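**Student:** Okay, here's the structure, questions in a sec.
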């Protein structure tokens, strides 16, 4: 039987692979599933401080996904800013 820690780790590896392949939207969704697994694990172990940090991280991950989804996040990997002084 898989524990939530193992399941979250598997989701983390899948998300990392999707990120490597350039499928960022799908990777963020998989990362959110990993966060949910770790949240359940922390709750089962009565780790409330850990649960709070996981909830905050999941919230920021969800915000990043929504920001990417509506196109509000700018890509600057291939663009150069030219500052003429």
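Numbering (our numbering), first residue to last: 286 to 370. We put the CB at the ideal spot given by N, CA and C, even for glycine. If you're wondering where the values come from, they're calculated on a predicted model, not measured in any experiment.
(1) State the DSSP-derived secondary structure class of residue 312, mapped to helix, strand or coil.
(2) Where does residue 331 land, buried or exposed, given buried means 16+ other C-beta within 10 angstroms?
(3) Do the segment 299–309 and the segment 320–337 make contact, defined as three or more Cβ pairs closer than 8 Å?
(4) According to DSSP, is residue 287 helix, strand or coil?
(5) Under a three-way DSSP split, which group does residue 319 fall into?
(6) Just to confirm before moving on: does the CB-CB distance between residue 339 and residue 324 stay below 9 Å?
**Tutor:** This is what the structure holds:
(1) helix
(2) exposed
(3) no
(4) coil
(5) helix
(6) yes
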